[in-house]
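Read in the UniProt record's numbering, the sequence shown has 533 at position 533, and its numbers run on one by one without any break.
Ideal Cβ placement from N, Cα and C applies to all residues, glycine included.
Bear in mind that the values here come from a model prediction, so they are computed numbers and not experimental data.
Just below is one structure, and these are the notes that go with it.
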Amino acid sequence: MGTAASIQSTTWFDRLPTEIIFTIFDYLSNKDIIYTFLFFSQRLNNLLLRNQHYINHLQLPTKNFDTWKHILSVIGSRIESLDITSIDLPSSLEYFPNLKSIIISTPYGLPNDQMKLIFESKSFAQLDSFKVKENLIYPTQSFLSRSINQDNVLRKVFNNKSELQKFYYPRFIKYAKNNLTSYEINLNLHSLKLILNEFRDIFSLILYTPNLEYLNIRTELSRTCVTPIEKSNIKLKQFHLTLKQPTNYQNNLNELTNGIKQFSSSLTCLSLNLIDCTDIRENEIPFNSVKLQQLLESMIELKQFHLYATLNVYDSSRNILSRFQDQYWFDHKWTFGTHGTYFYTLPFHFEYLHNFCGFDNIKSSNSEVLLTNPRIWYTVKYIDLYYRSTYDINFLKELKMEMPKLIFIKHRSFYKKNKNEKESEDLHVNENEEVKNHITLYNMTTIQFDHGSIENRKKWLINTLPNLNHLILSTIDLPSPDSQSADLLNKRIRRLDINTTNSSLKQLTEISYVYFSNVEHIYFELFYDPQRRSQWYTDIVRKILKNFKSLERLIIRSFPENGNISNAMTRDLTNILECYDMIEIKKNFQMKQFGEWILFSKDGWNDSKVQSGIRSSILRKFKFFKLRKS
């Protein structure tokens with residue numbers, strides 16, 4: 001690749017008005033803009049360098065890094081924000097000397113040794129923002145961390161020299177209270193997100209963050225309440241708390257309420273996610289309206305209250321909503337809703353709506369709100385959809401209108417009352433109605449099939465999801481290879497996650513390539529079985545790498561059944577390509593290993609073809625423009 005000055009303009013493209021070029025850029029990622037146009041012509045080079053917002057933020061590239069080294073030598077010092085989307089770091093952070101923000105948005109988390117590289121880099125000390133985005137599809141496996149010394153991490157954050165203003169790190173921290181004296185006050189930190197061992201740990205840590213305003217914590221109530229929690233004078237404004245299942249919620253309730261009341265003079269927003277606490281009795285907070293009102297009244301500045309909780313399945317009373325219909329709740333415009341065993345405030349504030357069965361099943365303490373507020377479900381991005389009834393065009397219309405941010409649907413198992421009952425068609429579409437009222441969910445990119453027939457979901461695939469590209473497969477009940485559903489899967493699916501048992505995994509790898517010929521990314525998890533050892537894993541990997549012709553990246557994460565065999569597991573994964581019949585595959589794929597992770601990525605990309613392909617793709621989107629020679 002030459003410099004911009006050495007490249008002559010050979011198309012009408014760089015004769016386009018600047019306004020049209022900017023319009024084209026609106027349809028592209030910053031990464032594609034930089035890679036394709038920085039050295040396309042002198043004019044475009046100057047245009048990008050003058051308009052810093054195209055360069056300041058970069059999604060870290062995962063391929064063609066020889067070319068990217070040259071690009072970063074020119075613009076690396078201008079990049080202030082970096083988004084990491086892969087489990088490997090293909091480049092050193094030294095390419096970005098003025099980095100201010102790192103966002104880790106990998107779908108499956110980041111291996112510990114890669115996370116260590118970030119924490120130990122010079123760049124980390126100068127960051128004002130560090131965020132690990134939590135993926136709600138893989139929340140548990142992706143964010144447990146055992147090998148990183150979390151105390152060292154906290155010392156970098158709670159440090160009087162730290163520039164950090166925001167630190168979002170949803171990984172489990174069981175920090176040593178004996179080392180608290182090694183922490184220092186961070187006056188800059190105003191936003192913090194952590195997973196802590198116990199609720200009381202919050203109040204020990206925030207002693208070192210006197211200017212904290214936003215706190216998001218996932219934890220559980222203390223198993224033993226021997227000593228009172230630390231007193232805090234922090235003027236916290238927003239407190240988002242997610243509680244895991246406690247040993248005994250009722251016995252620890254005072255700890256929860258006393259802790260929240262410490263912020264009573266300043267708190268403007270309180271959010272409680274209690275859906276994992278399934279043993280809360282209906283005479284306790286949050287289901288006891290009197291006790292909940294007393295808690296909320298203690299917070300004199302409170303403007304927003306969000307709740308998501310699970311009713312105890314053993315409680316017979318289902319008159320919860322009637323308890324929240326007195327004047328206090330109406331005056332504050334706090335409305336509550338239920339479906340199944342879930343209880344929540346409306347509008348719904350959380351991103352994941354569990355066990356959804358349709359809008360007709362929603363009950364509310366103020367039914368008028370469901371009819372008049374268009375933003376009741378505006379924040380929802382993920383839903384579990386159960387097949388207990390037939391969904392039709394009207395349901396799709398409502399889904400599209402009520403949940404405009406929806407990107408993921410998990411199709412849950414069909415519940416059969418008896419063994420002979422057949423699974424009903426999931427989407428009822430009258431042929432005449434289909435023509436008149438074709439409804440599509442354009443933002444929907446990901447779908448998960450959980451032990452049901454894909455063929456019986458075909459109308460979802462055919463009628464409603466034109467931009468579907470990511471499939472999470474938990475079933476081996478695939479459609480006939482010559483069916484319309486199979487053809488659709490072949491055309492649309494680019495990313496495949498196989499989420500099933502080891503035995504089903506073997507079956508799926510033998511047949512899935514028939515249905516997913518255009519898949520570029522595959523991910524699966526497995527529990528290491530020392531009895532099967534290398535050959536079993538090698539068979540799985542060989543079939544995937546040979547049969548999926550469009551594959552670019554294969555990610556495997558293996559969980560040892562116990563710590564004693566982790567070394568054997570690591571050795572087997574490392575030796576996976578040493579087998580004789582893997583030599584040809586080795587020519588096309590590079591292998592990297594990060595602890596229990598293994599990554600196969602295709603090598604040998606032709607940079608000029610990639611750039612040409614991107615430009616051609618761009619031009620096809622804009623039919624007013626044709627590529628011509630000067």
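Exposed or buried, what is residue i when buried is set at 16 or more other beta-carbons lying within 10 Å of its beta-carbon?
{"i": "Ser601", "result": "buried"}
{"i": "Phe287", "result": "buried"}
{"i": "Tyr95", "result": "buried"}
{"i": "Val157", "result": "buried"}
{"i": "Asp66", "result": "exposed"}
{"i": "Trp68", "result": "buried"}
{"i": "His306", "result": "buried"}
{"i": "Lys592", "result": "exposed"}
{"i": "Thr335", "result": "buried"}
{"i": "Tyr308", "result": "buried"}
{"i": "Pro17", "result": "exposed"}
{"i": "Tyr537", "result": "buried"}
{"i": "Val290", "result": "exposed"}
{"i": "Trp597", "result": "buried"}
{"i": "Tyr27", "result": "exposed"}
{"i": "Thr440", "result": "exposed"}
{"i": "Gln52", "result": "exposed"}
Taking the alpha-carbon of residue i as reference, which of the options has the nearest alpha-carbon?
{"i": "Lys237", "options": "Leu207, Ser271, Asn490 and Glu525", "result": "Ser271"}
{"i": "Leu508", "options": "Gly259, Ile21 and Ile544", "result": "Ile544"}
{"i": "residue 631", "options": "Arg557, Phe527, Arg542 and His521", "result": "Examination of residue 631 is not possible in this model, given that the chain is present from 1 through 630 alone."}
{"i": "Pro404", "options": "Leu396, His411 and Gly259", "result": "Leu396"}
{"i": "Ser77", "options": "Phe330, His57 and Asp88", "result": "His57"}
{"i": "His411", "options": "Leu385, Glu19, Glu398 and Asn233", "result": "Leu385"}
{"i": "Lys31", "options": "Ile383, Arg323 and Ser81", "result": "Ser81"}
{"i": "Glu398", "options": "Lys363, Gly358, Ile498 and Val369", "result": "Gly358"}
{"i": "Asp128", "options": "Ser191, Leu180 and Leu117", "result": "Ser191"}
{"i": "Ile472", "options": "Leu488, Asn499, Ile79 and Arg557", "result": "Asn499"}
{"i": "Ile71", "options": "Leu49, Arg375 and Thr338", "result": "Leu49"}
{"i": "Leu110", "options": "Tyr214, Ile84 and Phe124", "result": "Ile84"}
Can you check DSSP and say which residues form a bridge with residue i?
{"i": "Lys131", "result": "Ile103 and Tyr168"}
{"i": "Gly337", "result": "Tyr344 and Ser364"}
{"i": "Cys357", "result": "DSSP, once it has assigned bridges, lists no residue as partnering Cys357."}
{"i": "Ser191", "result": "Lys166 and Tyr214"}
{"i": "Arg495", "result": "His470 and His521"}
{"i": "Tyr308", "result": "Asn273 and Tyr344"}
{"i": "Ile173", "result": "Leu196"}
{"i": "Thr219", "result": "Leu243"}
{"i": "Tyr138", "result": "In DSSP, Tyr138 forms no bridge with anything."}
{"i": "Phe527", "result": "Phe559"}
{"i": "Arg553", "result": "His521 and Ser601"}
{"i": "Tyr352", "result": "Tyr382"}
May I ask which residues mark the beginning and end of the beta strand (DSSP E) holding residue i?
{"i": "Ile383", "result": "Tyr382 to Leu385"}
{"i": "Ile240", "result": "The identity of residue 240 in the sequence shown is His, whereas the question assumes Ile. Here the beta strand (DSSP E) through His240 covers Gln238 to Leu243."}
{"i": "His57", "result": "His57 to Gln59"}
{"i": "Ser73", "result": "Counting along the chain, Ser73 falls outside any beta strand (DSSP E), though it belongs to the alpha helix (DSSP H) covering Phe65 to Ile75."}
{"i": "Ser601", "result": "Trp597 to Lys602"}
{"i": "Lys410", "result": "Phe408 to His411"}
{"i": "Met591", "result": "Phe589 to Phe594"}
Counting only the same chain and skipping the five closest in sequence on each side, list residues whose C-beta sits under 7 angstroms from that of residue i.
{"i": "Asn469", "result": "Thr445, Arg492, Ile493, Arg494 and Arg495"}
{"i": "Arg380", "result": "In the sequence as presented, Arg is not what sits at residue 380; that position holds Val. Result list for Val380: Phe348, Glu351, Leu353, Met403, Lys405 and Leu406, in chain order."}
{"i": "Gln325", "result": "Ser365"}
Report yes if the C-beta of residue i is less than 7 angstroms from at least one heavy atom of the ligand MG; otherwise report no.
{"i": "Ser101", "result": "The ligand MG is not among the ligands present in this structure, which contains no ligands whatsoever."}
Below 8 angstroms CB to CB, which residues in the same chain sit around residue i once its five sequence neighbours on both sides are set aside?
{"i": "Asn186", "result": "Val157, Phe158, Asn159, Asn160, Ser162, Leu164, Tyr208 and Thr209"}
{"i": "Glu525", "result": "Gln141, Asn499, Ile556, Arg557, Ser558 and Phe559"}
{"i": "Gln114", "result": "Ile87, Asp88, Leu89 and Phe594"}
{"i": "Ala486", "result": "Leu478, Pro479, Ser480, Val514 and Tyr515"}
{"i": "Leu99", "result": "Ile79, Glu80, Ser81, Leu82, Leu93, Ser123, Gln126 and Leu127"}
Need the endpoints of the alpha helix (DSSP H) that residue i sits in, please.
{"i": "Ser204", "result": "Asp201 to Leu205"}
{"i": "Gln448", "result": "First-last for Gln448: Thr446 to Phe449, but that is the beta strand (DSSP E), not the alpha helix (DSSP H)."}
{"i": "Asp83", "result": "From DSSP, Asp83 is part of no alpha helix (DSSP H) but of the beta strand (DSSP E) over Ser81 to Ile84."}
{"i": "Met299", "result": "Where Met299 is concerned, there is no enclosing alpha helix (DSSP H), given that its DSSP letter is neither H nor E."}
{"i": "Thr36", "result": "Asn30 to Phe37"}
{"i": "Thr18", "result": "Thr18 to Phe25"}
{"i": "Met403", "result": "Note, Met403: premise wrong, no alpha helix (DSSP H); not H, not E."}
{"i": "Lys261", "result": "Leu253 to Lys261"}
{"i": "Asp482", "result": "Element bounds for Asp482: n/a, residue is neither H nor E."}
{"i": "Asn45", "result": "Gln42 to Arg50"}
Looking only at its own chain, which residues have a Cβ that is under 6 angstroms from the Cβ of residue i, when we skip the five neighbours before and after it?
{"i": "Ser517", "result": "Asn490"}
Does any residue of chain C have a CB that is nearer than 8 angstroms to the CB of residue i?
{"i": "Phe527", "result": "This model lacks chain C altogether; it includes just one protein chain."}
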